[in-house]
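Q:
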Amino acid sequence: MNTNRPKRVLFAPASGPTGSGEYYRCLNIARAMQRRWPALDMHFLLDRQAQVELEPSFTYHWLDDTPARQLRPVTQLIEQLQPQLALFDCTGRQQQFKAVKTAGGKLVWLSNRPGKRRKGFRWRTLRLLDLHLILDSNRQQLELNAFERWKLRHHPNVRLELIHGIAPETSLEPPQNTISAADPQPYAVFVSGGGGYVHQGRAVPEIFLEAAIRFQAETNKSTLVLMGPQYRGNRLDHAEVQLVHSLSTATLSRVLQAAEIAVVGAGNMLTTQAMTAGPACVLCAVGGHDQPARVERYQKLGAALAAQVSTEDLSNQAVHLAENPAVVQKLRKNARKSRLRNDTERVAKLLYRLLDNER
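For my numbering, count along the sequence shown from 1 and bump the result up by 1.
(1) Which residues in the same chain as ALA349 place their Cβ atom closer than 7 angstroms to its Cβ, once the five residues preceding and following it in sequence are excluded?
(2) Which residue comes first and which comes last in the alpha helix (DSSP H) that contains PRO74?
(3) Distance check for ALA147 and GLY20, CA to CA, integer angstroms please.
(4) State the Cα-Cα distance for the pair LEU129 and ARG342, rounded to the nearest angstrom.
(5) For the region 21-100, list the alpha helix (DSSP H) runs that are entirely contained and at least 4 residues long, ordered along the chain.
(6) So for ALA307, helix, strand or coil by DSSP?
(7) Using only the alpha-carbon positions, how far apart do ARG298 and LEU332 sit?
(8) Tell me whether the region 306-326 and the region 277-295 touch, counting them as touching only if at least three CB pairs, one residue from each stretch, are closer than 8 angstroms.
(9) Leaving aside the five residues before and after ALA15 along the sequence, list all residues of the same chain whose C-beta is less than 6 angstroms from its C-beta, in chain order.
(10) Thinking just about the alpha-carbon of each residue, which of HIS155, GLY266, LEU111 is nearest to the one in LEU227?
(11) Helix, strand or coil for LYS331? Go by DSSP, reduced to three states.
(12) Name the DSSP beta bridge partners of PRO14, please?
(13) State the DSSP-derived secondary structure class of THR19, mapped to helix, strand or coil.
(14) Beta-carbon within less than 7 angstroms of ASP48's beta-carbon, same chain only, minus the 5 sequence neighbours each way: which residues are those?
(15) Alpha carbon to alpha carbon, how far is SER254 from PHE216?
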């Protein structure tokens, strides 16, 4: 191995034509690392069907499917790239993990739900693993069951870290008050997520768009709808609401910071991004097994309103907020008290310490 080349980091998120949360988690972590250590050589494995925001300074290796379903191509890429650290986010196979270790690299597993967490505690995975990042926004400290504790006693070198959420680091971006010089800053933002989900045969972004049109008609408040990079429909223009196909994650964060109301899909990254930005939030489970529990949690905490995937419910909840400033303030206060945090910087530093062989 050439020890003089820049340290190479490989990100392997689950990816495809629908959900994109794993990719955007990795993208934000990679950007945070590059900002602090610009000499790092960043690489991504990505399904070629994924319509997502790309970072020009990173190298992308295109696959015909998500990494777990591309066993040999991914293994060959790892053997070719010889990464010094590889992070697999909710995807990957043992042969691929072994290839990282054979190349002398550090192995990181990121799990965001029980089944993926169990995979990180399998004996054959523990033998290879250096760091397991457990994403759980419902807990303030890491809780292990007896079986997990017993397994870790046999593998004391495996480090576990609880993380709450990964979102763009807006503090590192230049200030920007508008989407463009021609567009007014929206009062309300409607965004379902990446845009690839379908509900009862209908594209979810189109349901959010119809809710936004109804909201603006009832309140006369300026409204923006983000369809998402994975939206493949043809509703890309409207006479009344601001309609945007896609925005960079950093620009979306700035828009959310200036908005009064955000109606958002309950993916982990988007929830973290919206609720830490400051608007009063309406959360909607649009897809993914983890989303209903997230909506229920923040509703019970009084930190967000819950809505079903329907034009009427999404619009009605947003109108309720627009007509009740006291409710807006209460949701914002409770969101701050919920202690939801953006752990992007902490994760970036954990990964860099692994690269430097620090424990």
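Note that the Cβ used here is the ideal one computed from N, Cα and C, for glycine as well.
A: Per the coordinate set shown:
(1) Translated into positions along the sequence shown, residue 349 becomes position 348. Once the five neighbours on either side are set aside, the close Cβ partners of ALA349 are ILE30, ALA33, MET34, ARG37.
(2) Reading the sequence shown from its first residue, position 73 is the one you call residue 74. Its alpha helix (DSSP H) spans residues 72-82.
(3) Residue numbering aside, residue 20 sits at position 19 when the sequence shown is read from its first letter. Residue numbering aside, residue 147 sits at position 146 when the sequence shown is read from its first letter. About 33 angstroms.
(4) Here the question's residue 129 lines up with position 128 in the sequence shown. Here the question's residue 342 lines up with position 341 in the sequence shown. Going by the C-alpha atoms only, they are around 29 angstroms apart.
(5) 22-37, 72-82
(6) Working through the sequence shown from its first residue, we reach residue 307 at position 306. Note: ALA307 maps to strand in three-state DSSP.
(7) Locating residue 298 in the sequence shown gives position 297, where the first residue counts as 1. Locating residue 332 in the sequence shown gives position 331, where the first residue counts as 1. Computed Cα separation, rounded: 13 angstroms.
(8) yes
(9) Residue mapping note: residue 15 aligns to position 14 of the sequence shown, counting from 1. Correct list, in chain order: GLU23, THR67, CYS91, THR92.
(10) The residue labelled residue 227 in the question sits at position 226 within the sequence shown. The candidate whose alpha carbon is nearest that of LEU227 is GLY266.
(11) Translated into the one-based positions of the sequence shown, residue 331 becomes position 330. If DSSP states are grouped into helix, strand and coil, LYS331 belongs with the helices.
(12) Here residue 14 refers to the residue found at position 13 when the sequence shown is read from its first residue. Beta-bridge pairing links PRO14 to ASP90.
(13) One-based indexing of the sequence shown puts residue 19 at position 18. DSSP places THR19 in coil when its eight states are reduced to three.
(14) Walking along the sequence shown from the start, residue 48 turns up at place 47. Result list for ASP48: SER16, GLY17, LEU64, ASP66, THR67, in chain order.
(15) Position 253 of the sequence shown holds residue 254. Position 215 of the sequence shown holds residue 216. Computed Cα separation, rounded: 22 angstroms.
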